[in-house]
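Residue numbers (our numbering): 1 to 210.
Structure representation (C-alpha coordinates):
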(Lines of atoms letter the chains of each structure in order from A; the text may use other names.)
(Lines give C-alpha, C1' and ligand atoms only; values in the text may rest on other atoms or scores of the structure.)
Protein backbone atom coordinates (compact mmCIF):
# COMPACT_ATOMS: atom_id res chain seq x y z
CA UNK A 1 0.00 0.00 0.00
CA UNK A 2 1.49 3.38 -0.96
CA UNK A 3 1.32 6.53 1.20
CA UNK A 4 -1.66 7.91 -0.75
CA UNK A 5 -3.72 4.77 -0.18
CA UNK A 6 -2.71 4.74 3.49
CA UNK A 7 -3.87 8.35 3.86
CA UNK A 8 -7.23 7.59 2.27
CA UNK A 9 -7.69 4.50 4.44
CA UNK A 10 -6.91 6.53 7.57
CA UNK A 11 -9.42 9.22 6.55
CA UNK A 12 -12.05 6.58 5.78
CA UNK A 13 -11.61 5.04 9.22
CA UNK A 14 -11.85 8.42 10.92
CA UNK A 15 -14.94 9.28 8.89
CA UNK A 16 -16.49 5.94 9.83
CA UNK A 17 -16.00 6.90 13.46
CA UNK A 18 -17.85 10.19 12.90
CA UNK A 19 -14.96 12.59 12.29
CA UNK A 20 -16.51 15.47 10.28
CA UNK A 21 -13.12 16.93 9.29
CA UNK A 22 -12.02 13.60 7.82
CA UNK A 23 -15.32 13.36 5.96
CA UNK A 24 -14.81 16.82 4.46
CA UNK A 25 -11.24 15.97 3.45
CA UNK A 26 -12.39 12.79 1.72
CA UNK A 27 -14.89 14.73 -0.36
CA UNK A 28 -12.26 17.26 -1.43
CA UNK A 29 -9.14 15.18 -1.89
CA UNK A 30 -10.08 13.89 -5.37
CA UNK A 31 -11.99 16.93 -6.64
CA UNK A 32 -9.39 17.98 -9.22
CA UNK A 33 -8.82 14.42 -10.43
CA UNK A 34 -12.57 14.02 -10.89
CA UNK A 35 -12.79 17.33 -12.73
CA UNK A 36 -10.12 16.19 -15.21
CA UNK A 37 -11.94 12.90 -15.74
CA UNK A 38 -15.26 14.66 -16.34
CA UNK A 39 -13.71 17.18 -18.74
CA UNK A 40 -12.08 14.30 -20.61
CA UNK A 41 -15.27 12.30 -20.94
CA UNK A 42 -17.79 15.05 -21.68
CA UNK A 43 -19.02 15.49 -25.22
CA UNK A 44 -18.00 18.98 -26.35
CA UNK A 45 -21.66 19.72 -27.15
CA UNK A 46 -22.40 19.10 -23.48
CA UNK A 47 -19.49 21.34 -22.45
CA UNK A 48 -21.33 24.25 -24.07
CA UNK A 49 -24.19 23.71 -21.62
CA UNK A 50 -22.62 22.27 -18.48
CA UNK A 51 -19.41 23.10 -16.61
CA UNK A 52 -17.39 20.02 -15.57
CA UNK A 53 -17.00 21.51 -12.10
CA UNK A 54 -20.79 21.52 -11.70
CA UNK A 55 -20.96 17.81 -12.48
CA UNK A 56 -18.20 17.13 -9.97
CA UNK A 57 -20.00 19.15 -7.32
CA UNK A 58 -23.21 17.21 -7.90
CA UNK A 59 -21.29 13.92 -7.66
CA UNK A 60 -19.63 15.01 -4.40
CA UNK A 61 -22.98 16.13 -2.99
CA UNK A 62 -24.38 12.68 -3.75
CA UNK A 63 -21.27 11.09 -2.25
CA UNK A 64 -21.79 13.06 0.95
CA UNK A 65 -25.37 11.80 1.14
CA UNK A 66 -24.42 8.16 0.63
CA UNK A 67 -21.05 8.13 2.40
CA UNK A 68 -22.37 6.19 5.45
CA UNK A 69 -23.50 3.38 3.12
CA UNK A 70 -20.13 3.40 1.36
CA UNK A 71 -18.23 3.30 4.66
CA UNK A 72 -20.27 0.32 5.77
CA UNK A 73 -19.80 -1.77 2.61
CA UNK A 74 -16.70 -0.31 0.84
CA UNK A 75 -17.75 -1.87 -2.53
CA UNK A 76 -14.96 -0.09 -4.46
CA UNK A 77 -11.77 1.85 -3.75
CA UNK A 78 -12.88 5.33 -2.70
CA UNK A 79 -11.77 7.21 -5.83
CA UNK A 80 -13.44 4.68 -8.11
CA UNK A 81 -16.66 5.04 -6.13
CA UNK A 82 -16.54 8.82 -6.61
CA UNK A 83 -15.64 8.31 -10.28
CA UNK A 84 -18.68 6.07 -10.76
CA UNK A 85 -20.95 8.76 -9.29
CA UNK A 86 -19.42 11.39 -11.58
CA UNK A 87 -19.71 9.05 -14.58
CA UNK A 88 -23.39 8.50 -13.87
CA UNK A 89 -23.88 12.28 -13.76
CA UNK A 90 -22.16 12.63 -17.17
CA UNK A 91 -24.41 9.95 -18.65
CA UNK A 92 -27.52 11.55 -17.14
CA UNK A 93 -26.56 15.00 -18.43
CA UNK A 94 -25.72 13.60 -21.85
CA UNK A 95 -29.04 11.79 -22.00
CA UNK A 96 -30.89 14.94 -20.98
CA UNK A 97 -29.10 17.38 -23.26
CA UNK A 98 -27.93 15.33 -26.25
CA UNK A 99 -28.94 11.73 -26.58
CA UNK A 100 -32.37 10.83 -27.88
CA UNK A 101 -32.43 7.22 -26.73
CA UNK A 102 -31.74 5.82 -23.31
CA UNK A 103 -28.37 4.25 -22.63
CA UNK A 104 -27.50 1.75 -19.92
CA UNK A 105 -25.03 2.83 -17.24
CA UNK A 106 -24.83 -0.60 -15.65
CA UNK A 107 -21.34 -1.13 -17.15
CA UNK A 108 -19.20 1.71 -18.38
CA UNK A 109 -17.60 -0.20 -21.22
CA UNK A 110 -21.01 -0.75 -22.83
CA UNK A 111 -21.93 2.93 -22.71
CA UNK A 112 -21.71 4.54 -26.13
CA UNK A 113 -20.53 7.97 -25.04
CA UNK A 114 -17.93 8.84 -27.66
CA UNK A 115 -14.44 10.00 -26.74
CA UNK A 116 -14.36 13.74 -27.58
CA UNK A 117 -12.04 14.69 -30.42
CA UNK A 118 -9.87 16.75 -28.07
CA UNK A 119 -9.44 13.75 -25.77
CA UNK A 120 -8.50 11.49 -28.67
CA UNK A 121 -5.91 14.07 -29.70
CA UNK A 122 -4.52 14.19 -26.16
CA UNK A 123 -4.17 10.43 -26.16
CA UNK A 124 -2.48 10.56 -29.55
CA UNK A 125 -0.04 13.13 -28.16
CA UNK A 126 0.83 10.87 -25.24
CA UNK A 127 1.28 7.79 -27.39
CA UNK A 128 3.24 9.54 -30.13
CA UNK A 129 5.59 11.69 -28.04
CA UNK A 130 8.77 12.49 -29.92
CA UNK A 131 11.74 14.86 -29.76
CA UNK A 132 11.79 18.64 -29.90
CA UNK A 133 13.74 19.61 -33.05
CA UNK A 134 11.73 21.26 -35.90
CA UNK A 135 11.97 18.13 -38.07
CA UNK A 136 11.01 15.92 -35.14
CA UNK A 137 8.08 18.18 -34.28
CA UNK A 138 6.84 17.92 -37.87
CA UNK A 139 7.17 14.14 -37.75
CA UNK A 140 5.37 14.16 -34.40
CA UNK A 141 2.45 16.15 -35.82
CA UNK A 142 2.11 13.83 -38.80
CA UNK A 143 2.27 10.77 -36.57
CA UNK A 144 -0.13 12.32 -34.06
CA UNK A 145 -2.69 12.85 -36.80
CA UNK A 146 -2.31 9.25 -37.89
CA UNK A 147 -2.56 7.97 -34.33
CA UNK A 148 -5.71 10.00 -33.75
CA UNK A 149 -7.33 8.58 -36.88
CA UNK A 150 -6.31 5.07 -35.85
CA UNK A 151 -7.70 5.56 -32.34
CA UNK A 152 -11.07 6.52 -33.73
CA UNK A 153 -11.01 3.37 -35.88
CA UNK A 154 -10.33 1.09 -32.91
CA UNK A 155 -13.07 -0.98 -31.33
CA UNK A 156 -14.50 0.79 -28.29
CA UNK A 157 -13.16 -1.76 -25.79
CA UNK A 158 -9.63 -1.32 -27.20
CA UNK A 159 -9.83 2.46 -27.12
CA UNK A 160 -11.27 2.40 -23.59
CA UNK A 161 -8.34 0.59 -22.00
CA UNK A 162 -5.96 3.07 -23.62
CA UNK A 163 -7.99 6.00 -22.34
CA UNK A 164 -8.17 4.62 -18.80
CA UNK A 165 -4.43 3.98 -18.58
CA UNK A 166 -2.95 6.81 -20.64
CA UNK A 167 -5.44 9.66 -20.20
CA UNK A 168 -7.18 9.05 -16.89
CA UNK A 169 -3.90 7.55 -15.70
CA UNK A 170 -5.61 4.91 -13.61
CA UNK A 171 -3.38 2.25 -12.14
CA UNK A 172 -3.60 -1.29 -13.45
CA UNK A 173 -5.55 -2.21 -10.32
CA UNK A 174 -7.98 0.69 -10.78
CA UNK A 175 -8.41 -0.09 -14.47
CA UNK A 176 -9.15 -3.71 -13.60
CA UNK A 177 -11.87 -2.60 -11.17
CA UNK A 178 -13.48 -0.28 -13.74
CA UNK A 179 -13.46 -2.92 -16.48
CA UNK A 180 -14.38 -5.82 -14.21
CA UNK A 181 -11.34 -7.90 -15.17
CA UNK A 182 -8.16 -9.07 -13.48
CA UNK A 183 -4.91 -7.10 -13.47
CA UNK A 184 -3.55 -9.67 -15.92
CA UNK A 185 -6.62 -9.08 -18.08
CA UNK A 186 -5.87 -5.36 -18.15
CA UNK A 187 -2.29 -5.98 -19.26
CA UNK A 188 -3.47 -8.37 -21.97
CA UNK A 189 -6.10 -5.90 -23.20
CA UNK A 190 -3.58 -3.08 -23.20
CA UNK A 191 -1.03 -5.06 -25.20
CA UNK A 192 -3.74 -6.15 -27.64
CA UNK A 193 -5.03 -2.59 -28.04
CA UNK A 194 -1.54 -1.26 -28.71
CA UNK A 195 -0.94 -4.06 -31.21
CA UNK A 196 -4.16 -3.24 -33.05
CA UNK A 197 -3.26 0.41 -33.03
CA UNK A 198 0.11 -0.40 -34.57
CA UNK A 199 -1.58 -2.57 -37.18
CA UNK A 200 -3.88 0.29 -38.13
CA UNK A 201 -0.89 2.56 -38.43
CA UNK A 202 1.14 -0.10 -40.26
CA UNK A 203 4.16 1.42 -38.56
CA UNK A 204 5.70 0.38 -35.24
CA UNK A 205 5.87 3.12 -32.63
CA UNK A 206 8.74 2.45 -30.31
CA UNK A 207 7.44 4.69 -27.54
CA UNK A 208 4.20 2.74 -27.07
CA UNK A 209 4.56 0.48 -24.08
CA UNK A 210 1.93 -0.94 -21.71
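The beta-carbon is built from N, C-alpha and C at its ideal position, and this holds for glycine as well. Since this is a predicted model, take the numbers as computed values, not measurements.
With respect to residue 163, residue 123 sits close: the two C-beta atoms are nearer than 8 angstroms. By alpha-carbon distance to residue 27, the top candidate from 78, 92, 69 is 78. In summary, residue 93 is buried, with 16 or more beta-carbon neighbours lying within 10 Å of its beta-carbon over all protein chains present.
When DSSP states are grouped into helix, strand and coil, residue 49 belongs to the coil group. Take the alpha-carbon of residue 20 and the one of residue 74: they are about 18 angstroms apart.
Counting the other CB atoms within 10 Å of its CB gives residue 68 a total below 16, which places it among the exposed residues. Residue 119 is classed as buried because its beta carbon has at least 16 other beta carbons within 10 Å across all chains shown. Secondary structure of residue 195 (DSSP, three-state): helix. The straight-line gap separating the alpha-carbon atoms of residue 186 and residue 196 is approximately 15 angstroms. At a Cβ-Cβ threshold of 8 angstroms, residue 154 and residue 193 count as neighbours. For residue 74, the three-state secondary structure derived from DSSP is coil. Distance check between residue 25 and each of 66, 7, 42, 184 places 7 closest, using alpha-carbon atoms only.
When DSSP states are grouped into helix, strand and coil, residue 43 belongs to the coil group. Cβ neighbours of residue 62 within its own chain (closer than 6 angstroms, five residues either side excluded): 85.
Selection 29, 190, 172 evaluated against residue 183 yields 172 as nearest (Cα-Cα). Exclusion of the five residues before and after residue 38 leaves 52, 55, 56, 86, 90 as the residues of its chain whose Cβ lies within less than 7 angstroms of its Cβ.
With respect to the C-alpha of residue 180, the residue from 88, 95, 76, 58 having the closest C-alpha is 76. Looking at 18, 16, 30, 156, the one whose alpha-carbon comes closest to that of residue 5 is 30. If you compare the alpha carbons of 95, 117, 33 with that of residue 82, the shortest gap goes to 33.
The straight-line gap separating the alpha-carbon atoms of residue 167 and residue 160 is approximately 10 angstroms.
Using a Cβ distance threshold of 8 angstroms, residue 80 and residue 150 do not count as a contacting pair.
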